[in-house]
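Participant: Here the sequence shown is numbered in the UniProt record's numbering, starting from 1 and rising by one per residue. Built from N, CA and C at the ideal position, the CB exists for glycine as well. The structure presented is a predicted model; accordingly, all values stated were derived computationally and were not measured. Dropping the structure in here first, questions after.
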Amino acid sequence: MTGFDPGGQAGDAERHNLARDMRQMYDAGASVREIAEKYERSYGSVHRLLRMADVTFRPRGGPTSHG
């Protein structure tokens with residue numbers, strides 16, 4: 001992402017765009033942790049941005065095998 005400082009504070013428009021992009025990744029199946037790694041953000045900051053984007057969070061732990 002050009003011009004984006006992963007450790008810095010994002011302005012409102014940038015934060016909105018970032019939240020939208022993260023939501024698209026999450027909706028496509030990426031985990032919060034995977035998104036945090038890609039954007040070099042903390043788990044908590046990604047979770048906050050996804051909450052701001054009205055994400056319905058999946059249950060923790062991913063799929064399990066019962067067989």
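Per DSSP, what kind of secondary structure is Val46 in: helix, strand or coil?
Facilitator: As a working note, residue 46 is residue 46 in the sequence shown. Helix, per DSSP.
Participant: What is the rounded straight-line gap between the Cα of Val32 and the Cα of Tyr43?
Facilitator: On the sequence shown, position 32 is the one that residue 32 refers to. On the sequence shown, position 43 is the one that residue 43 refers to. Distance between the alpha carbons of Val32 and Tyr43: 7 Å.
Participant: Where Glu37 and Val46 are concerned, what is the direct C-alpha to C-alpha distance, given to the nearest angstrom?
Facilitator: For the purposes of this step, residue 37 is taken as the residue at position 37 of the sequence shown. For the purposes of this step, residue 46 is taken as the residue at position 46 of the sequence shown. When only Cα atoms are considered, Glu37 and Val46 end up about 10 Å apart.
Participant: Near Ala19, which residues of its chain fall below 8 Å by C-beta distance, leaving aside the five closest residues on each side in sequence?
Facilitator: Here residue 19 is taken as the residue at index 19 of the sequence shown, counted from 1. Excluding residues within five positions, the ones whose Cβ falls inside 8 Å are Leu49, Leu50, Met52, Ala53.
Participant: Just checking my contact of Arg23 with Val55 at CB under 8 Å: how many whole Å lie between their CB atoms?
Facilitator: Stepping through the sequence shown from its first residue, residue 23 is reached at position 23. Stepping through the sequence shown from its first residue, residue 55 is reached at position 55. So it is a contact: roughly 6 Å between Cβ atoms.
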